[in-house]
């Protein structure tokens, strides 16, 4: 197994990326191609201990930032770590690609360079969504803002395949984000999608309302990229604002400070449950090769876990299963 | 000032509704028409102390439930408390109407019986949205699931007028729910709406992402009814699931139980901040007379506060300001 890693993407690149790669190589016995500015990456690597034949550097002199226009950057910054990495993936030099860089550029690059699986109309961004019952997969988390019912159906099928095979969720339950539980509820898009999902052979459990999303009743949460992005960001925003409220409440007086101290292990646990770093990265679904987006503020732990997830993504042959499923439908 | 109250709507009708009405009459020196089954309402009223000439009962033998189809129920259940109450409002018997009953039916009834303000294309449901900085107004919270840019612009204008005049927010900041801060971000609907809002004379602060919604940076949060409903319900769901997590963490062992005990006053405060009952009801915006939707599980306090809000809605002449604003535009 050989994984290609964007060494220059994300807020903490390259040092945390390199550290995460070294941890992954030591822990999982894999090979890695680290893409980025050779001299900088090399300097970071000299600080670490690892089997030297397991990590090779692929030089790329440029970097795509969050300020770049995603599609333009993919076409013009040809020597960026992301473009060079994705091209290496497309040429079969590795089994998967992971980047903590620009989400939009990774998606655009996945589509332009690696391309979509035949029969797949749109590739989707996903997010591992922490819930009261573990994690769910949210598809689409922001790639496709204007969707047709058929796209959402494909998101549901791909998400279902991923959760079943990579996350070991048996017969994953698929829910459609909607404004009511009944079939008749929703806008034009969700009403038509409901009909398609009802007739499909996935385990469709019906509509899930906003209130139900954090409960974890659905293993796969399906929405168009606009709604999915609002769901993702609002969830983060609510967690942040409630914990901010708690924090200032804890510091209110001596009594509350002691109370908070006594609760420290429990609060730490809850924080960990909501920590994106524990869940690795988010798979892109619908491209011809496995691609994982790591969180922009990924540290070494997040990168290490993201690489593990990418390994499963590749090993479990998700792409092939999606391909087979698509050819069955056509 | 005379307020018409649906005595039979909501989970705790009629007893809590009647109690809330009595509190409002005693506290605010207003008159109330209580609509519902005469004998039942009368029986509840005999339990209470109030100036008897201030509350009159308007008999209505039927009730619209959440199981009824909203539009059908409004047309067919002609002797329901909601229809009788809205007709009384339309005939000028009172200055405003409040109900804790079916949201859909109240909206349908508002449109069919009271009708839209001239020039207003769609009436909107709103919600008082608690944030880190007080409250914001979310428009539309679920009435119009497929929207045109012009509808959203009218929601923004009406919400702005309401926040300025009823909630005393000076030059209220209006934000458009979107998936990115930049003007170029979003789906077709939000991109076109951005352009309309930019050219309008409200205090448009641009797009707000999901993460920013709970921060309270915008006084008026504008979205189509599908997205607005997801925002509202997900916010509730996140609050519930985080507090559930905290609760079970607090009970984990003796040490954590003591910690929770020490924090009790602070936790109570946070709970109160998120308590819908403190904020009264949600105004319907766009109908010819003031209508307020109280929460389905409203108790006496929520009804009392909802009536206060409805009084402000009527007293501040919001409908007239909206009408003038619309005639200026045409």
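Chains as they are written, first to last, in this note's numbering: chain A, 1 to 330; chain B, 1001 to 1330. Cβ coordinates follow ideal geometry from the N, Cα and C atoms, glycine included.
Would you please verify whether the beta carbon of residue 1005 of chain B is less than 8 Å from any beta carbon of chain A? Indexing the second chain from 1 puts residue 1005 of chain B at position 5. Not an interface residue.
Using a Cβ cut-off of 9 Å, pull out every chain B residue sitting near residue 270 of chain A, in sequence order please. The residue labelled residue 270 of chain A in the question sits at position 270 within the first chain. Here the neighbours are 1242, 1245, 1246 and 1249.
Is any beta-carbon of chain A found at less than 8 Å from that of residue 1155 of chain B? The residue labelled residue 1155 of chain B in the question sits at position 155 within the second chain. Taking Cβ atoms only, chain A never reaches closer than 8 Å to residue 1155 of chain B, which makes this a no.
How many angstroms separate the CA atom of residue 3 of chain A from the CA atom of residue 35 of chain A? Counted from its first residue, the first chain places residue 3 of chain A at position 3. Counted from its first residue, the first chain places residue 35 of chain A at position 35. So the alpha carbons of these two residues sit roughly 11 Å apart.
Per-residue DSSP class, three states only, for residue 1122 of chain B: Within the second chain, the letter at position 122 stands for residue 1122 of chain B. Coil.
Spatially closest choice to residue 93 of chain A from A:33, A:146 and A:214, by CA coordinates: Taking the first chain and counting its residues from 1, one reaches residue 93 of chain A at position 93. Closest option to residue 93 of chain A, Cα to Cα, is A:33.
At the 8 Å Cβ level, is residue 197 of chain A part of the contact set with chain B, yes or no? For the purposes of this step, residue 197 of chain A is taken as the residue at position 197 of the first chain. Output row for residue 197 of chain A: interface = no.
Hey, could you find the ends of the alpha helix (DSSP H) residue 10 of chain A is sitting in? Along the first chain, read from residue 1 onward, the residue named residue 10 of chain A stands at position 10. Looking at the DSSP string, residue 10 of chain A is not in any alpha helix (DSSP H), and its letter there is neither H nor E.
Out of curiosity, what's the CA-to-CA distance linking residue 185 of chain A and residue 163 of chain A? Here residue 185 of chain A refers to the residue found at position 185 of the first chain. Here residue 163 of chain A refers to the residue found at position 163 of the first chain. Approximately 27 Å, taken between the alpha carbons.
When burial is assigned at 16 or more other CB atoms within 10 Å of the CB, is residue 212 of chain A buried or exposed? On the first chain, residue 212 of chain A is found 212 positions in, with the first residue counted as 1. Answer is buried; the Cβ neighbour count reaches 16.
Between the Cα of residue 170 of chain A and the Cα atoms of A:159, A:282 and A:234, which residue gives the shortest distance? As a working mapping, residue 170 of chain A is identified with position 170 in the first chain. Of the listed residues, the one whose Cα sits closest to residue 170 of chain A is A:159.
By Cβ distance below 6 Å, which residues in the same chain neighbour residue 1143 of chain B in space, the five residues on each side in sequence not counted? As a position in the second chain, residue 1143 of chain B is number 143, starting the count at 1. The answer, listed in chain order, is 1107, 1124, 1125 and 1225.
Taking Cβ positions only, does residue 1206 of chain B come closer than 8 Å to chain A? In the second chain, the residue the question calls residue 1206 of chain B occupies position 206. Taking Cβ atoms only, chain A never reaches closer than 8 Å to residue 1206 of chain B, which makes this a no.
Beta strand (DSSP E) containing residue 1253 of chain B: first to last residue? Taking the first residue of the second chain as 1, we reach residue 1253 of chain B at position 253. Neither: residue 1253 of chain B is in no beta strand (DSSP E) and is coded neither H nor E.
If we count Cβ pairs, one from each stretch, closer than 8 Å, do we get three or more for the region 1248–1257 of chain B versus the region 1061–1081 of chain B? no
C-alpha distance - residue 1203 of chain B paired with residue 1215 of chain B, whole-angstrom precision: Position 203 of the second chain, counted from the start, is the residue given in the question as residue 1203 of chain B. Position 215 of the second chain, counted from the start, is the residue given in the question as residue 1215 of chain B. Their Cα atoms are separated by approximately 18 Å.
Along the alpha helix (DSSP H) that carries residue 1084 of chain B, what are the first and last residues, could you check? In the second chain, counting from the first residue as 1, residue 1084 of chain B sits at position 84. Run containing residue 1084 of chain B: 1081–1090, per the alpha helix (DSSP H) assignment.
Looking at chain A, which residues of the region 1211–1228 of chain B have a Cβ within less than 7 Å of any of its Cβ atoms? 1211, 1212, 1213, 1214, 1215, 1226 and 1227
What are the partner residues of residue 1130 of chain B, as DSSP defines its beta bridges? Within the second chain, the letter at position 130 stands for residue 1130 of chain B. Its beta-bridge partners are B:1135.
For a contact defined as C-beta to C-beta under 8 Å, what are the partners of residue 179 of chain A on chain B? As a first step, residue 179 of chain A must be located in the first chain, where it is residue number 179. Residues of chain B passing the Cβ test: 1142, 1145, 1225, 1226, 1229, 1230 and 1233.
At a CB distance below 7 Å, what residues from the region 1064–1075 of chain B approach chain A? Give them in sequence order. none
Can you pull the chain B neighbours of residue 16 of chain A, defined as C-beta to C-beta under 9 Å? Stepping through the first chain from its first residue, residue 16 of chain A is reached at position 16. What residue 16 of chain A touches in chain B: nothing, since even the nearest Cβ is about 23 Å away.
Would the beta-carbon of residue 1222 of chain B fall within 8 Å of that of residue 1318 of chain B? Here residue 1222 of chain B is taken as the residue at index 222 of the second chain, counted from 1. Here residue 1318 of chain B is taken as the residue at index 318 of the second chain, counted from 1. Cβ distance not < 8 Å, so residue 1222 of chain B and residue 1318 of chain B don't count as in contact.
Quick check on residue 1173 of chain B - is its C-beta less than 8 Å from some C-beta in chain A? Along the second chain, read from residue 1 onward, the residue named residue 1173 of chain B stands at position 173. Chain A, which has no Cβ nearer than 8 Å to the Cβ of residue 1173 of chain B, makes this no.
Check each residue of the region 96–124 of chain A: if its Cβ is closer than 8 Å to any Cβ of chain B, include it; give the result in chain order. none
Three-pair Cβ contact test at 8 Å for the region 1190–1208 of chain B versus the region 1237–1252 of chain B: no
Work out the CA separation of residue 1005 of chain B and residue 1292 of chain B for me, nearest whole Å. Within the second chain, numbered from 1, the residue matching residue 1292 of chain B stands at position 292. Within the second chain, numbered from 1, the residue matching residue 1005 of chain B stands at position 5. Answer to the nearest angstrom: the Cα atoms are 10 Å apart.
Starting from the beta carbon of residue 1170 of chain B, find every residue of chain A whose beta carbon is closer than 8 Å, and list them in chain order. On the second chain, residue 1170 of chain B is found 170 positions in, with the first residue counted as 1. Those do not exist, as residue 1170 of chain B stays about 24 Å from chain A at its closest Cβ, beyond 8 Å.
Compare the Cα-Cα distances from residue 286 of chain A to each of A:101, A:260 and A:321 and report the closest residue. Counting from one through the first chain, the residue named residue 286 of chain A turns up at place 286. Checked all of A:101, A:260 and A:321; the closest Cα to residue 286 of chain A is A:321.
Limits of the unbroken beta strand (DSSP E) element including residue 1176 of chain B: What you label residue 1176 of chain B is simply residue 176 of the second chain in a count that begins at 1. 1173–1177 is the span of the beta strand (DSSP E), which, as asked, contains residue 1176 of chain B.
Taking residue 209 of chain A as the query, report the chain B residues whose CB atoms sit under 9 Å from its CB, ordered along the chain. The residue labelled residue 209 of chain A in the question sits at position 209 within the first chain. Residues of chain B passing the Cβ test: 1229, 1230, 1233, 1234 and 1237.
Taking residue 44 of chain A as the reference, give the member of A:26, A:20, A:96 and A:87 with the closest Cα. Translated into positions along the first chain, residue 44 of chain A becomes position 44. For the residues A:26, A:20, A:96 and A:87, the minimum Cα distance to residue 44 of chain A belongs to A:20.
At the 8 Å Cβ level, is residue 1256 of chain B part of the contact set with chain A, yes or no? Here the question's residue 1256 of chain B lines up with position 256 in the second chain. True, the Cβ-Cβ gap to chain A drops below 8 Å.
Between the region 109–117 of chain A and the region 269–276 of chain A, do three or more beta carbon pairs fall short of 8 Å? no
Anticipated Cβ contact below 8 Å, residue 1173 of chain B with residue 1229 of chain B, distance rounded: Numbered from 1 along the second chain, position 173 holds the residue referred to as residue 1173 of chain B. Numbered from 1 along the second chain, position 229 holds the residue referred to as residue 1229 of chain B. 22 Å between Cβ atoms; not a contact.
Is the beta carbon of residue 282 of chain A sitting closer than 8 Å to the one on residue 30 of chain A? Taking the first chain and counting its residues from 1, the one referred to as residue 282 of chain A is at position 282. Taking the first chain and counting its residues from 1, the one referred to as residue 30 of chain A is at position 30. Against a cut-off of 8 Å, the Cβ pair of residue 30 of chain A and residue 282 of chain A comes out as no contact.
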